[in-house]
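Sequence order for the protein chains is A and B.
Under this note's numbering, the first residue of the first sequence carries the number 631, and numbering increases by one thereafter.
Under this note's numbering, the first residue of the second sequence carries the number 631, and numbering increases by one thereafter.
Every residue, glycine too, gets a C-beta built ideally from N, C-alpha and C.
Protein chains: 2
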Amino acid sequence: MPRRVDHEERRTEITEALLRVAHRRGLHAVGMRDVAAEAGVSLRLVQYYFDSKEKLLLHGLRTLVERFSARTAARLAAVPGSPGPRETVEALLMAALPADEESRVFHHVYTSYAVLAMSDEALAGQPFTGDPDAAEEAVAGLLARGQADGTVPAEVDARLEAVSLLAMSAGLGTGVLVGQRDVPSAVAAIRYRLDRVFTGRAG
Amino acid sequence: MPRRVDHEERRTEITEALLRVAHRRGLHAVGMRDVAAEAGVSLRLVQYYFDSKEKLLLHGLRTLVERFSARTAARLAAVPGSPGPRETVEALLMAALPADEESRVFHHVYTSYAVLAMSDEALAGQPFTGDPDAAEEAVAGLLARGQADGTVPAEVDARLEAVSLLAMSAGLGTGVLVGQRDVPSAVAAIRYRLDRVFTGRAG
DNA sequence: ACGTTCATGGTACGGTCGTATCACAAAACT
DNA sequence: AGTTTTGTGATACGACCGTACCATGAACGT
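1. Assign A/G776 to one of three DSSP states: helix, strand, or coil.
2. Measuring CB to CB, does A/P715 end up less than 9 Å from A/V782?
3. In angstroms, rounded to a whole number, what distance separates the CA positions of A/S794 and A/D779?
4. Of the choices B/V806, B/E732, B/R826 and B/H737, whose alpha-carbon is the least far from that of B/G776?
5. What's the call for B/T759, buried or exposed, on a 16-neighbour Cβ count within 10 Å?
6. Could you give the DSSP three-state label for B/D766: helix, strand or coil?
7. Straight-line CA distance for A/A647 to B/Y743?
8. Give a yes or no on whether the minimum CB-CB distance between A/P728 and chain B is below 9 Å.
9. Determine the chain B residues that contact A/H738 at a beta-carbon separation under 9 Å, and present them in chain order.
10. What does A/D787 touch in chain B if you count any residue whose Cβ is under 7 Å from its own?
11. In terms of alpha-carbon separation, which member of A/V695, A/A784 and A/G670 lies closest to A/R831?
12. Kindly list, in the order they appear in chain A, the residues whose Cβ is closer than 8 Å to that of B/V857.
13. Do you know offhand how far B/S672's Cα is from B/R640's?
14. Residues of chain A with CB closer than 8 Å to the CB of B/G805, please, in chain order.
15. Would you identify the three-state DSSP class for A/T781, choosing helix, strand or coil?
16. Thinking C-beta only, is A/A797 closer than 9 Å to B/A774?
17. Can you tell me where the alpha helix (DSSP H) holding B/F698 begins and where it ends?
18. Residues of chain B with CB under 8 Å from A/R655, in chain order?
19. Measure the C-alpha to C-alpha separation of A/E638 and A/R705 and round it to an integer number of angstroms.
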């Protein structure tokens with residue numbers, strides 16, 4: 631019964647199936663047939679909507695990145711009150727933690743892509759982040775604002791501090807991901823560090 | 631010409647072949663035949679010395695971990711002079727950076743194993759580090775020594791600071807690995823952070 | 001009304017993968 | 001010397017994998 635169908639919607643469904651099975655069985659192990667079964671369609675349809683596995687994978691990566699940026703933006707917008715630099719930076723760093731299931735899926739699959747990209751022709755040099763070091767820029771800016779506020783000491787190097795905070799957050803994230811650390815301990819580390827950066831002697 | 635042969639040596643050669651090809655083509659893509667070709671032996675021999683691919687992979691992981699611990703220990707022993715806490719911590723954090731080729735290989739393959747372990751029955755719950763959070767213990771201890779010295783402020787929480795430093799180092803490492811950051815900038819971030827932790831007002 | 005396009009199913013093909021099997025020569029043991 | 005063990009090669013097997021091909025019915029254009 632071939633009713634006319636929305637291609638983009640179909641592609642989205644299949645992509646979501648891809649991400650689910652990639653999380654469940656590992657990206658390296660996902661085959662076209664698995665994706666088809668997960669999406670509840672025939673193998674042929676996966677071929678139909680994505681011409682090849684490579685294109686499917688690339689689309690999956692793009693989707694993943696877009697979704698994560700959107701989610702992070704939403705998180706930032708959801709900070710209550712009129713957030714100062716400290717609250718915003720904290721929200722930013724927390725967003726990089728695989729705390730809920732959606733975030734765990736993202737981190738797992740995203741990391742898989744990153745590892746894959748290190749030795750895969752087609753994936754290498756792919757847009758892994760919307761704007762690379764946009765986050766670095768943002769955090770550095772917020773720290774500078776904190777210095778203007780007087781909540782961040784003048785001796786702090788905003789750029790290096792931003793790099794170090796983001797790297798820490800990423801490191802904690804993978805620690806959580808591989809089960810070496812739990813979420814509360816990661817949150818505690820982030821809060822501790824922010825407490826030390828924002829000595830907060832002014833308002 | 632079946633001369634009597636040293637099994638352990640043969641296994642080592644094959645394992646090294648495995649690690650080389652895992653770095654070159656990606657761990658997910660390595661097959662028994664690739665390993666055999668890289669080691670210059672027949673497929674049969676890889677089966678002979680390791681019964682199955684799973685055992686080969688597990689042995690590869692063990693080798694990788696042992697080698698890295700040994701290397702890190704050597705680095706620590708090689709710190710010149712009579713190193714204080716600061717120098718030792720710095721050496722520890724630097725050792726986690728994929729700076730030279732050997733280290734890059736380690737990080738790449740190790741990360742691949744970690745990702746694989748997240749969805750592979752046999753790899754999950756495998757000894758991924760000799761003693762988990764041995765590093766954390768060590769760094770925390772060194773920071774405490776610094777506090778006794780007076781080179782580290784008393785308000786520093788040694789444990790949380792250790793966690794944050796190690797997470798940062800790990801994060802910088804993967805940043806370098808995926809080409810998002812270069813080694814000098816990672817080193818700069820580490821030095822900056824250590825400068826701020828070790829305010830060094832005593833001797 | 002009819003031919004074309006669209007959406008879909010089924011299935012076959014060539015390749016690769018891990019593993020198993022068969023064969024056989026050199027060495028070691030007795 | 002004869003037999004058993006050990007190291008090695010070649011090759012076969014069954015399962016998958018990504019892709020290509022063929023068929024077909026519903027919907028649409030004219």
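Straight from the coordinates:
1. Counted from its first residue, the first sequence places residue 776 of chain A at position 146. Note: A/G776 maps to helix in three-state DSSP.
2. To locate residue 715 of chain A, count along the first sequence from 1; it is residue 85. To locate residue 782 of chain A, count along the first sequence from 1; it is residue 152. Taking 9 Å as the Cβ cut-off, A/P715 and A/V782 qualify as a contacting pair.
3. Here residue 794 of chain A refers to the residue found at position 164 when the first sequence is read from its first residue. Here residue 779 of chain A refers to the residue found at position 149 when the first sequence is read from its first residue. Rounded to the nearest angstrom, the two C-alpha atoms are 21 Å apart.
4. The residue given as residue 776 of chain B occupies position 146 in the second sequence. Closest option to B/G776, Cα to Cα, is B/R826.
5. In the second sequence, the residue the question calls residue 759 of chain B occupies position 129. Exposed, because fewer than 16 other Cβ atoms sit within 10 Å of the Cβ of B/T759.
6. For the purposes of this step, residue 766 of chain B is taken as residue 136 along the second sequence, with counting starting at 1. According to the sequence displayed, residue 766 of chain B carries Glu and not Asp. Helix.
7. Mapped onto the first sequence, residue 647 of chain A falls at position 17. Mapped onto the second sequence, residue 743 of chain B falls at position 113. For A/A647 and B/Y743, the distance between alpha carbons rounds to 24 Å.
8. Counting from one through the first sequence, the residue named residue 728 of chain A turns up at place 98. Not an interface residue.
9. Taking the first sequence and counting its residues from 1, one reaches residue 738 of chain A at position 108. Per Cβ cutoff of 9 Å: V745, M748 and S749.
10. Here the question's residue 787 of chain A lines up with position 157 in the first sequence. Going along chain B in sequence order, the residues near A/D787 (Cβ under 7 Å) are Y822.
11. In the first sequence, the residue the question calls residue 831 of chain A occupies position 201. A/R831 has its Cα closest to that of A/A784, out of A/V695, A/A784 and A/G670.
12. Outside the modelled stretch of chain B, which goes from 631 to 833, sits residue 857 of chain B, for which no answer is possible.
13. Numbered from 1 along the second sequence, position 42 holds the residue referred to as residue 672 of chain B. Numbered from 1 along the second sequence, position 10 holds the residue referred to as residue 640 of chain B. Cα-Cα distance, rounded: 13 Å.
14. Locating residue 805 of chain B in the second sequence gives position 175, where the first residue counts as 1. Near B/G805 (Cβ distances below 8 Å), the residues of chain A are A797 and A800.
15. Position 151 of the first sequence, counting from 1, holds the residue named residue 781 of chain A. Three-state DSSP puts A/T781 in coil, outside helix and strand.
16. Sequence index remark: in the second sequence, residue 774 of chain B carries index 144 (1-based). Sequence index remark: in the first sequence, residue 797 of chain A carries index 167 (1-based). Contact: no.
17. Stepping through the second sequence from its first residue, residue 698 of chain B is reached at position 68. B/F698 -> alpha helix (DSSP H) spans K683 to A707.
18. On the first sequence, residue 655 of chain A is found 25 positions in, with the first residue counted as 1. S749, listed in chain order.
19. Position 8 of the first sequence, counted from the first residue, corresponds to residue 638 of chain A. Position 75 of the first sequence, counted from the first residue, corresponds to residue 705 of chain A. Approximately 26 Å between the Cα atoms of the pair.
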